[in-house]
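Participant:
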Ligand SMILES: NC(=O)c1ccc[n+]([C@@H]2O[C@H](COP(=O)([O-])OP(=O)(O)OC[C@H]3O[C@@H](n4cnc5c(N)ncnc54)[C@H](OP(=O)(O)O)[C@@H]3O)[C@@H](O)[C@H]2O)c1
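Numbering (our numbering), first residue to last: 826 to 1064.
The structure is reproduced here in structure tokens:
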């Protein structure tokens, strides 16, 4: 059976690495992102693996875009893996100066969109014992000065994911959290404007984790939280 995955924010950074791992494993991959040119470039990159790639351009907060992403999976025959990776950083700075209405942008991108995509995807995932992977951050659990609003959205995503993992168990759908760790990406550079971030690893450092994750029985890892760059991790041990 053709395996199908959907990766939001699959046009660059971590999402492109996850999509590459899935394509190399033979998945047909649906990728999302706002910039159509970047998305087309990513689709060309991914199609080198011989798998079909379906780019769907648009903002993840747009209901029509979310419907198009799920319709693409339905037309392909179903969905095995949903990766909610696209995210907004928002302003980094002290919470006393935070422009609270900006939560009105951060929460729909980081929390609302993953939940709506999950709602739309569950009927497809249920037919295939599917896996939902929600990308979180250590900012969800540690109190980093300046990172409060972004961290609050990721903390909300973590609670929703753990709750979904229990609610969806009897439908055969699993959900997990993955903290990818610091990576040299556009989002990370935006968090440290003008700073040299060359000491951070490229997102490709997480590839061994993704290969390990997609080897697992989804039901056996349901509700777990993984740190992809954890040292001495199971996925870094020789087989
Ligand atoms: N980098 C780190 O150090 C780090 C650490 C911990 C957690 N994370 C998490 O890892 C994930 C990936 O981050 P990254 O560092 O790879 O970021 P990135 O390089 O900036 O990539 C973000 C991706 O999401 C897409 N995207 C962003 N907003 C979107 C929207 N509203 N609608 C649709 N697509 C959207 C982007 O494409 P467009 O801009 O074209 O839309 C891009 O494909 C995020 O969930 C982030 O919170 C990153």
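Don't be surprised by glycine CBs; every beta carbon is placed ideally from N, CA and C.
What you are looking at is a predicted structure, and each value in this text was computed from that prediction instead of being measured.
(1) Look up residue 863 in the DSSP assignment and say whether it is helix, strand or coil.
(2) Over what stretch of residues does the beta strand (DSSP E) that includes residue 999 continue unbroken?
(3) Give a yes or no on whether 7 angstroms exceeds the smallest Cβ distance from residue 1043 to chain C.
(4) Could you tell me whether any non-hydrogen atom of ligand 1 is closer than 6 angstroms to the CB of residue 934?
(5) Give me, in chain order, the residues of the same chain whose beta-carbon lies closer than 7 angstroms to that of residue 872; leave out the 5 immediate sequence neighbours on both sides.
(6) Along the beta strand (DSSP E) that carries residue 854, what are the first and last residues, could you check?
(7) So is the beta-carbon of residue 834 under 6 angstroms away from any non-hydrogen atom of ligand 1?
(8) Work out the CA separation of residue 911 and residue 935 for me, nearest whole Å.
(9) Between residue 868 and residue 837, how many whole angstroms is the CB-CB distance? I'm expecting something under 8 angstroms.
(10) Which residue wins for smallest C-alpha separation from residue 1046, given the options 1032, 1058 and 990?
(11) With respect to 6 angstroms, is the separation between the Cβ of residue 893 and the closest non-hydrogen atom of ligand 1 below this value?
(12) From residue 1017 to residue 1032, what distance separates their C-alpha atoms?
(13) Could you tell me which of 846, 962, 880 and 1008 sits nearest to residue 1026, measuring between CA atoms?
(14) Distance check for residue 938 and residue 980, CA to CA, integer angstroms please.
(15) Relative to the C-alpha of residue 902, which residue among 1022, 940 and 853 is closest?
(16) In angstroms, rounded to a whole number, what distance separates the CA positions of residue 950 and residue 881?
(17) Can you give me the Cβ contacts of residue 976 inside the same chain, cut-off strictly under 6 angstroms, excluding the 5 residues immediately before and after it?
(18) Quick one: grab the DSSP three-state call for residue 1026.
(19) Run through DSSP, which three-state label would residue 957 get?
Facilitator: Result, derived from the coordinates:
(1) helix
(2) 999-1004
(3) Of the chains in the structure shown, none is chain C; there is only one protein chain.
(4) yes
(5) 878
(6) 853-858
(7) yes
(8) 7 angstroms
(9) Not quite, the Cβ-Cβ distance comes to about 12 angstroms (not below 8 angstroms), so this is no contact.
(10) 990
(11) no
(12) 24 angstroms
(13) 1008
(14) 15 angstroms
(15) 853
(16) 19 angstroms
(17) 964 and 965
(18) coil
(19) strand
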